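In the numbering used here, the protein residues as written are 860 to 1187.
Glycine is no exception: its CB is placed at the ideal position from the N, C-alpha and C atoms.
Since this is a predicted model, take the numbers as computed values, not measurements.
One structure is given here, and the rest of the page talks about it.
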């Protein structure tokens, strides 16, 4: 989970997200925003909520791309971030200040707009359950007696409400129950009059996550769908040193769509659908024209190729899922 007072993501944190690879991700999202704005009839105001904005990296790259909805004066960008330390990292920039505001609370009564959550759902709280021969049991965190109060997992019967709707998996399989992420989807829909709710994250169906975790009767056994990150590398066991690393859980895609179905694709498909290849080609042309100058614009143009490779990597970010819920 993201620490309340610190910085988990970014080049100086524990991991990199798409926006932190470089500005190309935000440039493609700016194109998507313009497409959705047009589909909605070019409303003014057009509110875009970056839910879980972190230090504002995504917002700055979107604004730097100067989308048409901003040029028309319709864009209202709201950066929602709970962490005071993360909000403090938002620079005082005239471009940002002109169309955006930073808040720890969600705006109410948004008539038309887009809610974007980039790698937010994987950071939300979750429960852990294990299939047994006779049903399900819940694995809870226990504080052991003795010096240091070491954390461990203990098993107890799971309530019917907790495991309702879970698919059949093999005995011994352990899966997440992502009630908070599912509630987030409902809350996001409630906030919008019409528009799109967009979540970009890594995940799979619950039965696939069960296979990743494998089967074990040992509560301390590793969970293949849960991992920790520290300084861009794998961290320690997730209960070994609380607060020292980022904890993420693959999103159970079927669970977050249990109430409302989304249009789903991979991140590579999404980025290609909104013109990443065209932007990379433009970058190559600009670099060829300005390589001899070697100014900042030329270097940014050249970097698009390497950024695209990372964002489209089928073994990495390109395999992430993009869920788009239309809200009417």
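Alpha carbon to alpha carbon, how far is residue j from residue i? Give it in angstroms, no decimals.
| i | j | result |
| --- | --- | --- |
| residue 1060 | residue 1149 | 36 Å |
| residue 947 | residue 914 | 8 Å |
| residue 1081 | residue 1145 | 48 Å |
| residue 1116 | residue 1056 | 12 Å |
| residue 1183 | residue 894 | 13 Å |
| residue 1181 | residue 1129 | 7 Å |
| residue 922 | residue 1011 | 45 Å |
| residue 1051 | residue 911 | 17 Å |
| residue 916 | residue 1169 | 17 Å |
| residue 1160 | residue 969 | 36 Å |
| residue 1114 | residue 1020 | 14 Å |
| residue 1083 | residue 991 | 18 Å |
| residue 986 | residue 964 | 25 Å |
| residue 934 | residue 904 | 6 Å |
| residue 978 | residue 1071 | 20 Å |
| residue 931 | residue 1112 | 36 Å |
Tell me the DSSP secondary structure of residue i in three-state form.
| i | result |
| --- | --- |
| residue 1104 | coil |
| residue 943 | helix |
| residue 922 | helix |
| residue 889 | helix |
| residue 869 | Bear in mind that the predicted position of residue 869 carries a pLDDT of just 44, short of 50, making it unreliable; the figure below should be weighed with that in mind. Looking at residue 869 - three-state DSSP - the assignment turns out to be coil, as it is neither helix nor strand. |
| residue 1045 | helix |
| residue 1065 | helix |
| residue 1085 | strand |
| residue 1030 | coil |
| residue 878 | helix |
| residue 864 | For residue 864, the predicted model reports a pLDDT of 37, less than 50, meaning its position is unreliable and no value from the coordinates is stated. |
| residue 1140 | helix |
| residue 1099 | coil |
| residue 912 | coil |
| residue 1175 | coil |
| residue 927 | helix |
| residue 898 | helix |
| residue 1119 | coil |
| residue 883 | helix |
Below 8 Å on the Cβ atoms is my contact criterion, and I expect residue i with residue j to pass it. Report the Cβ-Cβ distance as a whole number of Å.
| i | j | result |
| --- | --- | --- |
| residue 909 | residue 883 | Contact doesn't hold; Cβ gap of about 17 Å is too wide. |
| residue 1034 | residue 1063 | Actually they are not in contact, since the Cβ atoms of residue 1034 and residue 1063 sit about 11 Å apart, beyond 8 Å. |
| residue 999 | residue 1015 | 6 Å |
| residue 996 | residue 988 | 7 Å |
| residue 1023 | residue 1074 | Between residue 1074 and residue 1023 the Cβ distance is about 22 Å, and since that is not below 8 Å, they are no contact. |
| residue 1065 | residue 1086 | Between residue 1086 and residue 1065 the Cβ distance is about 17 Å, and since that is not below 8 Å, they are no contact. |
| residue 1122 | residue 981 | Not confirmed; about 20 Å, so no contact. |
| residue 887 | residue 1054 | About 19 Å separates the two Cβ atoms, so there is no contact after all. |
| residue 1049 | residue 1118 | Going by Cβ atoms, the distance from residue 1049 to residue 1118 rounds to 12 Å, so no, they are not a contact pair. |
| residue 889 | residue 924 | 4 Å |
DSSP puts residue i in a beta bridge; with which residues?
| i | result |
| --- | --- |
| residue 1124 | 1181 |
| residue 1060 | 1180 |
| residue 907 | 936 and 973 |
| residue 1036 | 986 |
| residue 1051 | 969 |
| residue 960 | 937 |
| residue 1186 | 1054 |
| residue 1131 | According to DSSP, which records beta bridges pairwise, residue 1131 is partnered with nothing at all. |
| residue 1110 | 1062 |
| residue 1074 | 1032 |
Does the beta carbon of residue i fall short of 6 Å from some heavy atom of the ligand FAD?
| i | result |
| --- | --- |
| residue 1060 | In terms of ligand content, the structure shown is empty, and the ligand FAD therefore cannot be addressed. |
Task: Complete runs of the alpha helix (DSSP H) confined to the region 963 to 1025 [at least 4 residues] - done: 1019 to 1022
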